[in-house]
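Enquirer:
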Amino acid sequence: MMARTGLYKSEVEKARNSLLAQGRHPSVDAVRIALGNTGSKTTIHKYLKELEEANGGNVDRKTSITEALQDLVARLAAQLETEASNRIAELESRHSEKDLLHEAEVTDLTAKNVAIQEKLDLTIAAIKQEIQSHEQTREALQSESIARHTLAQQVMDLKERLVENETHRHSLEEKHNHARDALEHYRSSVKEQRDQDIRRHEQQVQQLQAELRHLQQSLVLKQNEVTQLNQDGAKLIAELSQAQKSLYEEKNQSRKTQTELDAQRAIAQRAAQMETQLIEKTARITDLQEQHVDAFTQNKALETQISSLQLELAKSDAKLDAQQLMMAEFKAFLNVKPQ
94 MMARTGLYKS EVEKARNSLL AQGRHPSVDA VRIALGNTGS KTTIHKYLKE LEEANGGNVD
154 RKTSITEALQ DLVARLAAQL ETEASNRIAE LESRHSEKDL LHEAEVTDLT AKNVAIQEKL
214 DLTIAAIKQE IQSHEQTREA LQSESIARHT LAQQVMDLKE RLVENETHRH SLEEKHNHAR
274 DALEHYRSSV KEQRDQDIRR HEQQVQQLQA ELRHLQQSLV LKQNEVTQLN QDGAKLIAEL
334 SQAQKSLYEE KNQSRKTQTE LDAQRAIAQR AAQMETQLIE KTARITDLQE QHVDAFTQNK
394 ALETQISSLQ LELAKSDAKL DAQQLMMAEF KAFLNVKPQ
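Quick note, this note's numbering runs 93 ahead of the 1-based positions in the sequence shown.
(1) Sort K328, H138, S401, Q115 by Cα distance to V105 and report the nearest one.
(2) Short of 8 Å in beta carbon distance, which residues of its chain neighbour M419, apart from the five on each side in sequence? Order them along the chain.
(3) Tell me which residues share the same chain as L413 and place their Cβ nearer than 8 Å to its Cβ, disregarding the 5 neighbours each side in the sequence.
(4) Among the candidates H261, L381, Q247, H263, whose CA atom is the shortest distance from the CA of I220?
(5) CB-CB under 8 Å to R125, same chain, minus the five flanking residues each way: which ones, in chain order?
(6) With burial defined as no fewer than 16 other Cβ atoms inside 10 Å of the residue's Cβ, what is the status of L173: buried or exposed?
(7) Are three or more beta carbon pairs between the segment 350 to 363 and the segment 225 to 245 nearer than 8 Å?
(8) Look at the alpha carbon of Q316 and the alpha carbon of E304, and state the distance between them as a whole number of angstroms.
(9) Taking only the alpha-carbon atoms, compute the straight-line gap between L255 and S347 and give it to the nearest angstrom.
(10) Tell me Y341's beta-bridge partners as DSSP assigns them.
(11) If I measure Cβ to Cβ from Q416 and keep anything under 8 Å in the same chain, skipping five residues before and after, which residues do I get?
(12) With respect to the alpha helix (DSSP H) encompassing L112, which residues constitute its N-terminal and C-terminal limits?
(13) Here's a check: name, in chain order, each residue in its chain whose Cβ is nearer than 6 Å to the Cβ of R306, leaving out the five neighbours to either side.
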């Protein structure tokens with residue numbers, strides 16, 4: 094008779110007799126080893142039982158107890174493996190549900206994070222635009238300030254030139270007055286001298302001829318002096334005329350300066366308006382920066398929550414891996430149980 098595994102009863106009997114001849118107990122495992130680790134243990138056990146019955150039940154009682162214990166252990170192991178498989182399936186199901194919940198939460202948080210990031214990007218873009226506008230306004234204000242400073246410097250220079258010209262004019266007027274006074278004094282003195290000479294001529298007719306040459310020489314000198322004084326007076330009059338002309342030009346320049354000052358006042362008003370706009374834009378930038386800080390804080394909170402969920406997920410995975418490793422070790426322990 095041959096079993097389904099292809100093992101013959103005669104082969105089992107031969108292996109059993111060989112073990113008995115060696116003084117060894119013909120257990121199922123020992124017989125299977127003698128057969129070259131082939132054949133089903135159930136078939137070997139069946140053939141050994143038939144051989145024991147054929148031999149009148151002379152087999153040691155200890156063999157029956159061992160085989161009964163092995164059978165019990167095999168059934169307990171099968172039951173334990175079934176319960177363990179069920180438990181593992183239940184844990185895997187719970188873990189899968191928890192993973193789905195975690196994935197849904199992560200997806201939701203990721204979507205919120207993306208929305209906040211988009212809002213943050215828009216805020217940053219608006220801040221950059223405001224900063225660029227602020228820079229342009231600041232550059233325009235700086236240009237206006239430079240132009241205003243330049244015009245103010247020009248006005249100061251013109252005022253200094255006006256003061257210098259006015260001082261020069263006063264100096265020329267004083268020189269002219271001095272020259273005129275000197276001329277008047279000289280004329281008076283000449284007239285007085287002539288009067289004295291006439292009186293002296295009338296009183297001292299006899300001395301006139303003696304002194305005539307001397308008087309003529311003196312008169313020539315005096316005439317030269319008068320001529321020089323007249324020339325000096327003409328020069329002073331020409332200088333006074335030039336000074337008056339310069340004064341007229343300075344007055345025209347002063348009117349032009351006043352016009353430039355009016356234009357400068359308009360520029361100053363424009364600069365004040367631009368400063369007001371700059372203050373408003375600075376306040377807007379401050380608001381945008383505060384919004385950016387709030388969005389950044391919210392983003393950090395979401396990132397912390399995501400990290401916490403990811404850490405919890407990693408802990409769950411590690412726990413499941415540990416449980417699976419423990420079950421694998423337990424299965425390995427069951428596989429190496431006594432046969």
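C-beta atoms are modelled at their ideal positions from N, C-alpha and C, and glycine is treated no differently. Keep in mind that this is a model prediction, so the values were computed, not measured.
Expert: On the basis of the coordinates in this document:
(1) Looking at the Cα atoms, H138 is the closest of the given residues.
(2) none
(3) These residues qualify, in order along the chain: L184, E185, H188.
(4) L381
(5) Taking R125 as the centre and dropping the five residues before and after it, the same chain places the C-beta of T131, G132, K134, I137, Q432 closer than 8 Å to its C-beta, in chain order.
(6) exposed
(7) These segments touch.
(8) 18 Å
(9) 8 Å
(10) The partner list for Y341 (beta bridge, DSSP) is empty, contrary to what the question assumes.
(11) I181, L184
(12) 102 to 114
(13) Around R306: no qualifying Cβ.
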